[in-house]
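One structure is given below, encoded as structure tokens.
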Amino acid sequence: MARKLKSDKLLFTATLLLVCTSIVMVYSASAVIAREKWQQPYLLLFKQAAWVLIGLSLVPIVMRIDYRSYRQPLVIWTALGVAAAALVAVLFSTPVNGASRWLHVGPLGVQPSELAKLAIILFTAALLERRMDRIDELSHALLPIGLTTGAIVGLILVEPDLGTAVSVLVISSAMVFAAGISYRYVLGLVLVAVPALYVVVMASAYRVQRVM
Numbered sequence: 004m005a006r007k008l009k010s011d012k013l014l015f016t017a018t019l020l021l022v023c024t025s026i027v028m029v030y031s032a033s034a035v036i037a038r039e040k041w042q043q044p045y046l047l048l049f050k051q052a053a054w055v056l057i058g059l060s061l062v063p064i065v066m067r068i069d070y071r072s073y074r075q076p077l078v079i080w081t082a083l084g085v086a087a088a089a090l091v092a093v094l095f096s097t098p099v100n101g102a103s104r105w106l107h108v109g110p111l112g113v114q115p116s117e118l119a120k121l122a123i124i125l126f127t128a129a130l131l132e133r134r135m136d137r138i139d140e141l142s143h144a145l146l147p148i149g150l151t152t153g154a155i156v157g158l159i160l161v162e163p164d165l166g167t168a169v170s171v172l173v174i175s176s177a178m179v180f181a182a183g184i185s186y187r188y189v190l191g192l193v194l195v196a197v198p199a200l201y202v203v204v205m206a207s208a209y210r211v212q213r214v215m
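When you line the sequence shown up against the numbering used here, it's residues 4 to 215, in that order.
As structure tokens, then:
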């Protein structure tokens with residue numbers, strides 16, 4: 004008989020707690036502003052809650068997708084292609100507060116950098132799985148991951164969106180580290196990343212202000 008579909012209750016509970024926490028944080032950060040701008044302190048809270056309900060309603064559907072299908076080259080390269088195209092397209096959108104980060108599809112707003120984050124995760128995971136035996140060879144595994152991640156991060160920085168760019172770098176680096184990369188590469192990455200991050204932050208007054 005076919006095995007019954009099972010869910011990881013601990014993982015689902017942890018995710019649900021994080022989502023509930025996010026609702027509280029959104030309300031905490033937006034209530035005063037929403038009341039001043041729209042006289043509705045709960046406006047952004049209700050919007051966030053609506054997206055949470057939509058997301059939770061999709062969980063049973065997504066659970067039935069075989070996770071192994073995500074490592075198919077067609078899926079990975081399509082995800083990367085769509086994410087890269089969207090990141091280029093968003094640069095020609097109308098800037099909001101000096102940044103071009105959103106594409107509007109009808110009434111919905113889509114942030115391509117979030118799609119890029121998922122695409123990089125799929126790409127990195129699939130490549131590491133296929134090349135685990137030679138992970139410490141620069142040209143075999145690390146170079147393709149570094150070039151692809153670097154290209155996506157570069158497009159995100161042009162928006163500009165330093166926070167998401169750093170998130171993508173951290174996620175990709177954490178995955179490679181968890182796969183068992185040699186510590187000398189980790190040290191080298193840190194030595195290169197820290198000065199580069201300093202230069203990027205100091206190049207913009209608003210970034211310096213946010214860091215401070």
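Even for Gly, the Cβ is constructed at its ideal location relative to N, Cα and C. On a predicted model such as this, the values are computed, not experimentally measured, just so you know.
Please report the straight-line C-alpha distance between Tyr-30 and Gly-166, rounded to a whole angstrom.
Locating residue 30 in the sequence shown gives position 27, counting from the first residue. Locating residue 166 in the sequence shown gives position 163, counting from the first residue. Near 21 Å, if we compare the C-alpha coordinates of Gly-166 and Tyr-30.
If you draw a straight line from the alpha carbon of Asp-139 to that of Leu-131, how long is it in whole angstroms?
Position 136 of the sequence shown, counting from 1, holds the residue named residue 139. Position 128 of the sequence shown, counting from 1, holds the residue named residue 131. Annotation: Asp-139 to Leu-131 spans about 11 Å, alpha carbon to alpha carbon.
Are Val-202 and Val-211 closer than 8 Å when you measure CB to CB?
Position 199 of the sequence shown, counting from 1, holds the residue named residue 202. Position 208 of the sequence shown, counting from 1, holds the residue named residue 211. Not closer than 8 Å, so no.
Report all residues from its chain with a CB closer than 8 Å to the CB of Phe-95; omit the five preceding and five following residues, and keep chain order.
As a position in the sequence shown, residue 95 is number 92, starting the count at 1. Ser-103.
Report back the beta-carbon spacing between Ser-176 and Leu-192 to the nearest angstrom; my notes put them in contact at under 8 Å.
As a working note, residue 176 is residue 173 in the sequence shown. As a working note, residue 192 is residue 189 in the sequence shown. The pair is a contact, with the Cβ atoms about 6 Å apart (cut-off 8 Å).
List the endpoints of the continuous alpha helix (DSSP H) containing Gly-101.
In the sequence shown, counting from the first residue as 1, residue 101 sits at position 98. No alpha helix (DSSP H) holds Gly-101; DSSP gives it neither H nor E.
How about Ala-122 and Ala-86: are their beta carbons less than 8 Å apart?
Translated into positions along the sequence shown, residue 122 becomes position 119. Translated into positions along the sequence shown, residue 86 becomes position 83. In contact: Ala-122 and Ala-86 (Cβ atoms closer than 8 Å).
Extent of the continuous beta strand (DSSP E) to which Leu-47 belongs
Here residue 47 is taken as the residue at index 44 of the sequence shown, counted from 1. Per DSSP, Leu-47 belongs to no beta strand (DSSP E); it is in the alpha helix (DSSP H), 46-65.
Within 10 angstroms of its Cβ, does Glu-39 collect 16 or more other Cβ (buried), or is it exposed?
Stepping through the sequence shown from its first residue, residue 39 is reached at position 36. Glu-39 comes out exposed.
Below 8 Å on the Cβ atoms is my contact criterion, and I expect Leu-47 with Ser-33 to pass it. Report the Cβ-Cβ distance as a whole number of Å.
Position 44 of the sequence shown, counting from 1, holds the residue named residue 47. Position 30 of the sequence shown, counting from 1, holds the residue named residue 33. Their Cβ separation, rounded to whole angstroms, is 4 Å, which keeps Leu-47 and Ser-33 in contact under 8 Å.
Is the shortest distance between the beta-carbon of Leu-19 and the beta-carbons of chain D less than 8 Å?
Of the protein chains in this structure there is only one, and it is not chain D.
Cβ neighbours of Arg-213 in the same chain (closer than 6 Å, five flanking residues each side left out):
On the sequence shown, residue 213 is found 210 positions in, with the first residue counted as 1. For Arg-213, same chain residues with a beta-carbon under 6 Å away, outside a window of 5 residues either side, do not exist.
Contained alpha helix (DSSP H) runs [length at least 4] in the region 162-205, N- to C-terminal order
Counting whole runs of 4 or more residues, the region 162-205 contains the alpha helix (DSSP H) stretches 165-181, 186-205.
For Thr-219 and Asp-136, I'd like the C-alpha separation in whole angstroms.
In the structure as shown, the chain begins at 4 and stops at 215. Residue 219 is therefore absent and cannot be evaluated.
From this set, Ala-37, Lys-120, Val-161, which residue's C-alpha is nearest Ala-92's C-alpha?
Position 89 of the sequence shown holds residue 92. Taking Ala-92 as reference, the option from Ala-37, Lys-120, Val-161 with the minimal CA-CA separation is Val-161.
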